[in-house]
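To start, the structure under review is shown below, and the notes come after it.
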Amino acid sequence: MWGASAARAGSKLKIFVSHGSGKDAEVVEALSVIKPELSERGYDVFVDVERLRVGEAWSPSLYEEMYLCDAAIVLLGPKTIEGSDWVRRESDVLMSRHFVRSLRTVLPCFLGTQDTSLARKRGFGALLTLQAELGQREKRPLPVGQLTQLIINWILDEFAPVAGPPGDGAFHAWTKRIAAFLRVARECDPSSLEDAAIALCCSKYDRMHMRASIGAELFLTHMLFRAGEQVRENGNTELPASIAALRPSLGAGQLSHVVAELLPSWADPDVASNFAPPHPPEEGHAPCLILLRAYGNWAAEQHIARALCNEPGSFSHRSLAAHGDIPLDESSPYEELMDSCVSALQEVFEMPPEMGLLPGMVGPRRRRDYLIINARGHDFEDIAHVVNELHDKYSWLVIIVVCPDALPEEKILEDLNLSHATLLAISAQLERDAFSFKQTLHSVMGMAS
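Residue numbers (UniProt numbering): 1 to 449.
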């Protein structure tokens with residue numbers, strides 16, 4: 001996979017711009033447009049001279065930026081070619097990364113000159129080779145001529161918009177995980193992203209971004225999330241068809257990861273935020289109890305994943321199915337429910353089977369702990385006693401009670417010492433649409449296995 005910098009979870013894509021520190025007017029003009037426009041599109045733009053101190057021809061700290069960047073732009077004018085040693089050094093470093101496939105995109109742009117013989121003599125031969133390759137591309141070739149505006153437009157067309165929710169680093173890390181799989185698909189088949197966008201019924205303008213060298217995968221990921229949200233808005237979505245379009249370019253395991261990442265996209269993020277209370281719990285606050293009007297435990301599980309941006313290793317959970325009609329033994333319903341919860345918590349807290357939940361051995365950790373109880377077949381008074389007893393021992397545990405019938409009235413909750421509970425509801429129509437969405441995605445995934 002291209003780019004070691006892809007592992008920087010939660011950070012913006014970093015663009016390194018090498019130029020001649022104001023030596024050429026055309027370069028200055030291009031930079032004045034490119035930098036703010038790329039920043040507006042969601043990129044972290046670093047210009048080389050920002051780390052150069054007065055009197056320095058070269059700064060070792062630039063190496064860090066060049067080895068962290070996701071793409072690079074090299075702006076060269078005649079004066080820069082003739083008199084800037086540091087730009088030549090930067091181009092050497094950037095092209096060495098490109099040659100060993102750790103930097104996918106380097107965009108060389110010669111401005112204000114058509115004579116590249118001096119550039120070759122000055123050590124920019126590798127960039128000239130790359131420029132020739134870009135000029136011969138079938139899609140989006142380097143423009144002929146030296147009109148600065150043409151080259152500016154060409155550069156900007158290489159970068160798709162990637163801005164997500166402001167300040168949401170966890171969501172950006174989530175989209176980057178999905179984009180990494182889309183990058184694999186694109187390397188297998190360069191037209192795969194555009195095929196997926198067509199299946200998603202994207203506009204012609206949005207489909208054009210699928211040809212961008214940088215950000216196309218992230219842009220498509222945002223479009224896929226938007227398609228998942230359509231399940232909540234109108235019950236219909238083209239997301240399964242888009243995933244099906246990626247099948248030829250991804251292995252079954254890779255496709256299953258993409259499906260698992262996108263499945264929670266139907267859940268309302270505002271509702272889901274209730275499933276991620278402050279962690280660890282703030283002192284003096286009541287333990288987190290959620291009463292969810294829904295039929296299936298899976299709906300609660302999807303809201304947990306949506307709340308935590310499906311971050312790997314961010315939570316541990318177990319679900320208790322609805323109570324059966326035939327008692328398993330002579331225990332009372334309360335005792336049976338408590339035993340089932342304790343057995344489930346053994347797995348939630350990842351305790352060895354022989355050890356049990358020994359006092360002092362279980363406590364809050366970085367990973368969040370969830371227990372989901374389906375209320376069907378249980379007396380709500382028994383559920384209340386179990387919940388209160390568990391929260392007395394494990395105050396950080398998030399307990400979700402899925403209620404297929406109506407939620408308890410406020411007076412009942414007060415009488416059972418559950419007035420701190422958060423009451424949420426999912427409409428039957430939405431749950432049905434979301435379940436159909438889940439089944440369709442799984443059938444698409446099954447076709448690839």
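Using N, Cα and C, we set each Cβ at its ideal position, and we do this for glycine too. On a predicted model such as this, the values are computed, not experimentally measured, just so you know.
- Grab me the residues of tryptophan 396's own chain with a C-beta within less than 6 Å of its C-beta, minus the 5 sequence neighbours each way, in chain order. Correct list, in chain order: Pro280, Pro281 and Pro364.
- Message: According to DSSP, alanine 425 sits in a beta bridge with which residue or residues?
- Response: Beta-bridge pairing links alanine 425 to Arg293.
- Message: Just to confirm the assignment, what range does the alpha helix (DSSP H) spanning cysteine 341 have?
- Response: Residues 333–348.
- Message: Measuring only the C-alpha atoms, how far is leucine 441 from alanine 321?
- Response: Note on geometry: alpha-carbon atoms of leucine 441 and alanine 321 lie some 24 Å from one another.
- Which residue comes first and which comes last in the beta strand (DSSP E) that contains arginine 318? Arginine 318 -> beta strand (DSSP E) spans 315–320.
- Task: For lysine 14, name the three-state secondary structure that DSSP assigns.
- Result: The answer is strand: DSSP assigns lysine 14 an E or B state.
- Which residues bound the alpha helix (DSSP H) around tyrosine 394? Counted as a single uninterrupted DSSP element, the stretch harbouring tyrosine 394 is not any alpha helix (DSSP H), since DSSP gives it neither H nor E.
- Message: Am I right that leucine 262 and isoleucine 198 are in contact with their C-beta atoms under 8 Å? What's the rounded C-beta distance?
- Response: Between leucine 262 and isoleucine 198, the beta carbon gap of about 18 Å keeps them out of contact (Cβ cut-off 8 Å).
- Item | Beta-carbon separation (whole angstroms), leucine 357 vs leucine 345, contact threshold 8 Å | The pair is a contact, with the Cβ atoms about 6 Å apart (cut-off 8 Å).
- Message: Please state whether the Cβ-Cβ distance between leucine 150 and phenylalanine 110 is less than 8 Å.
- Response: If you check the CB distance, leucine 150 and phenylalanine 110 do not come in under 8 Å.
- Where alanine 286 sits in the DSSP three-state scheme: In the structure shown, alanine 286 sits in coil (DSSP, three-state: anything other than H, G, I, E or B).
- May I have the straight-line CA-CA distance separating glutamine 429 from leucine 390, to the nearest angstrom? When rounded, the distance between both Cα atoms is 33 Å.
- Terminal residues of the beta strand (DSSP E) in which threonine 80 lies: First-last for threonine 80: 78–83, but that is the alpha helix (DSSP H), not the beta strand (DSSP E).
- Query: In its own chain, which residues sit with a C-beta less than 8 Å from the C-beta of tryptophan 174, not counting the 5 before and 5 after it?
  - Reply: Counting only Cβ-Cβ distances below 8 Å, and skipping sequence neighbours, we find Glu261, Cys309, Asn310 and Glu311.
- Query: Who are the near neighbours of glycine 228 in its chain, counting only those whose CB is closer than 7 Å to its CB and skipping five residues on each side?
  - Reply: Thr237, Leu239, Leu262, Ser265 and Trp266.
- Just checking my contact of arginine 247 with glutamate 217 at CB under 8 Å: how many whole Å lie between their CB atoms? That pair is no contact at about 17 Å.
- aspartate 433 classed as buried or exposed, judged by whether at least 16 other C-beta atoms fall within 10 angstroms: Buried is the call here.
- Does the Cβ of glutamate 40 have 16 or more other Cβ atoms within 10 Å, making it buried, or fewer, making it exposed? Of the other Cβ atoms in all chains shown, fewer than 16 fall within 10 Å of the Cβ of glutamate 40; this residue is therefore exposed.
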